[in-house]
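Chemist: Chains as they are written, first to last, in full-length UniProt numbering: chain A, 1 to 119; chain B, 1 to 119.
Glycine included, each C-beta is placed from N, C-alpha and C at the ideal position.
Number of protein chains: 2
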Amino acid sequence: MKRQIYNCQPGCPIESTLQIISGKWKAVILYHLIKDKVGYFGELHRQIPACSRRMLALQLKELEIDGIVQKTIYPVMPPKTDYRLTEFGETLIPVIGAMANWGEHYNAVAQQEVVKAAQ
Amino acid sequence: MKRQIYNCQPGCPIESTLQIISGKWKAVILYHLIKDKVGYFGELHRQIPACSRRMLALQLKELEIDGIVQKTIYPVMPPKTDYRLTEFGETLIPVIGAMANWGEHYNAVAQQEVVKAAQ
DNA sequence: CAGCATCCCGAATGATACTG
DNA sequence: CAGTATCATTCGGGATGCTG
């Protein structure tokens with residue numbers, strides 16, 4: 001499993017963070033896991049329809065390898081799996097939170113622009 | 001200039017944020033601009049040697065288009081250009097700050113592991 | 001349903017050369 | 001120095017099909 005390697009400079013803190021959350025969908029996945037506490041695979045997929053099942057599985061596996069999320073497999077048929085943040089993963093909440101806040105603010109401003117333009 | 005399009009769900013705040021800062025090197029560039037307040041092209045390039053001049057120019061141009069950074073060209077020979085955050089760009093400081101904090105913490109922990117392993 | 005393997009195309013990025 | 005243009009290559013990621 002290859003993965004993006006960042007190398008801006010040894011010890012660059014941003015680089016370390018990107019190494020963990022820079023996958024195309026990882027921040028979005030974490031956002032939903034934080035909001036919902038737990039997520040079944042299909043549920044996550046429904047929350048993020050633009051992310052294919054393939055990508056979702058890949059990103060979740062990387063997050064699992066990095067110790068950010070924990071996967072629980074229920075041995076039932078049909079299969080069921082849930083994902084939740086590990087304790088370590090929870091340390092990312094402020095980061096994802098800051099991103100969510102900024103996005104909300106940005107959306108609100110963009111919305112105002114639309115309203116203004118319509119008048 | 002094509003660009004990654006996120007489409008997790010209409011109105012998803014994380015998506016909006018990623019739209020702006022998800023370029024491969026944007027977060028790192030912003031981090032250095034925040035620390036140093038202003039950056040000449042070559043200076044930035046030296047701070048982020050792993051990012052080619054071509055990529056640096058492309059990412060800076062996107063940030064400029066999005067209104068995050070402002071470019072000032074000094075009509076001198078040899079040319080000189082500096083980049084600084086716009087007022088809008090400064091609203092991203094908490095986001096980049098959260099990422100930097102997490103990375104520092106992560107690096108510190110990783111360092112401890114190394115020390116532990118060495119003992 | 002969850003998720004891995006394979007094939008394959010277009011986008012991202014590096015290398016190199018050129019310009020004001 | 002601060003870029004831009006072009007070519008060549010790699011790689012991300014979609015589509016599809018298979019399995020437990």
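With DSSP run on the structure shown, which of helix, strand or coil describes B:Val38?
Modeler: Taking the second sequence and counting its residues from 1, one reaches residue 38 of chain B at position 38. Coil.
Chemist: Output the distance between the C-alpha atoms of A:Pro49 and B:Val115, rounded to the nearest integer angstrom.
Modeler: Translated into positions along the first sequence, residue 49 of chain A becomes position 49. Translated into positions along the second sequence, residue 115 of chain B becomes position 115. Whole-angstrom Cα-Cα distance: 44 Å.
Chemist: DSSP state of A:Lys80, grouped into three classes?
Modeler: Here the question's residue 80 of chain A lines up with position 80 in the first sequence. A:Lys80: strand per DSSP, three-state reduction.
Chemist: Quick check: is the beta carbon of residue 120 of chain B nearer than 9 Å to any beta carbon in chain A?
Modeler: Coverage of chain B is limited to positions 1 through 119, which leaves residue 120 of chain B absent and any answer about it impossible.
Chemist: Nearest CA to the CA of A:Leu92: which residue from A:Ala117, A:Asp66 and A:Pro79?
Modeler: Locating residue 92 of chain A in the first sequence gives position 92, counting from the first residue. The shortest Cα separation from A:Leu92 among A:Ala117, A:Asp66 and A:Pro79 belongs to A:Asp66.
Chemist: For A:Arg84 and A:Trp25, I'd like the C-alpha separation in whole angstroms.
Modeler: Along the first sequence, one-based indexing puts residue 84 of chain A at 84. Along the first sequence, one-based indexing puts residue 25 of chain A at 25. Rounded to the nearest angstrom, the two C-alpha atoms are 16 Å apart.
Chemist: Could you give the first and the last residue of the continuous alpha helix (DSSP H) run that contains B:Gln19?
Modeler: Residue mapping note: residue 19 of chain B aligns to position 19 of the second sequence, counting from 1. Pro13 to Ile21 is the extent of the alpha helix (DSSP H) around B:Gln19.
Chemist: Does the segment 8-17 of chain A come close enough to the segment 102-110 of chain B that 3 or more CB-CB pairs lie under 8 Å?
Modeler: Contact between the segment 102-110 of chain B and the segment 8-17 of chain A is present, because at least three Cβ pairs lie under 8 Å.
Chemist: Under the rule that 16 or more other beta-carbon atoms within 10 Å means buried, what is B:Val38, buried or exposed?
Modeler: As a working note, residue 38 of chain B is residue 38 in the second sequence. Burial call: exposed.
Chemist: Name the one or two DSSP bridge partners that B:Leu85 has.
Modeler: As a position in the second sequence, residue 85 of chain B is number 85, starting the count at 1. Paired residue(s): B:Val69.
Chemist: Can you tell me where the alpha helix (DSSP H) holding B:Gln111 begins and where it ends?
Modeler: Taking the second sequence and counting its residues from 1, one reaches residue 111 of chain B at position 111. Start and end: Ile93 to Ala118.
Chemist: CA-CA distance, A:Glu43 and A:Ala57?
Modeler: Residue 43 of chain A sits at position 43 when you count from the first residue of the first sequence. Residue 57 of chain A sits at position 57 when you count from the first residue of the first sequence. Near 13 Å, if we compare the C-alpha coordinates of A:Ala57 and A:Glu43.
Chemist: Please identify, using Cβ separations under 9 Å, the residues of the segment 92-104 of chain B that lie next to chain A, in order along the chain.
Modeler: For the segment 92-104 of chain B, which is checked against every Cβ of chain A, the residues closer than 9 Å are Leu92, Pro94, Val95, Ile96, Gly97, Ala98, Met99, Ala100, Asn101, Trp102, Gly103 and Glu104.
Chemist: Which residues does DSSP pair with A:Tyr74 in a beta bridge?
Modeler: Sequence index remark: in the first sequence, residue 74 of chain A carries index 74 (1-based). Paired residue(s): A:Lys80.
Chemist: Suppose you measure from the CA of B:Ser22 to the CA of B:Tyr74; what does that come to, to the nearest Å?
Modeler: Your numbering for residue 22 of chain B matches position 22 in the second sequence. Your numbering for residue 74 of chain B matches position 74 in the second sequence. When rounded, the distance between both Cα atoms is 29 Å.
Chemist: Would you kindly work out how many angstroms separate the C-alpha atoms of B:Leu60 and B:Cys51, rounded to a whole number?
Modeler: Residue mapping note: residue 60 of chain B aligns to position 60 of the second sequence, counting from 1. Residue mapping note: residue 51 of chain B aligns to position 51 of the second sequence, counting from 1. C-alpha separation (whole angstroms): 12 Å.
Chemist: How would you list, in chain order, the residues of chain A whose beta-carbon sits under 7 Å from the beta-carbon of B:Ser52?
Modeler: Working through the second sequence from its first residue, we reach residue 52 of chain B at position 52. Chain A residues near B:Ser52: none, gap ~12 Å exceeds 7 Å.
Chemist: Quick check on this structure: which residue in B:Val28, B:Leu18 and B:Gln19 has the alpha carbon closest to the alpha carbon of A:Thr17?
Modeler: As a working mapping, residue 17 of chain A is identified with position 17 in the first sequence. Nearest C-alpha to A:Thr17: B:Val28.
Chemist: For A:Tyr31, does the three-state DSSP call read helix, strand or coil?
Modeler: Here residue 31 of chain A refers to the residue found at position 31 of the first sequence. DSSP places A:Tyr31 in helix when its eight states are reduced to three.
Chemist: Give the residues from the segment 50-80 of chain B that approach chain A closer than 8 Å (Cβ to any Cβ), ordered along the chain.
Modeler: For the segment 50-80 of chain B, which is checked against every Cβ of chain A, the residues closer than 8 Å are Ala50 and Cys51.
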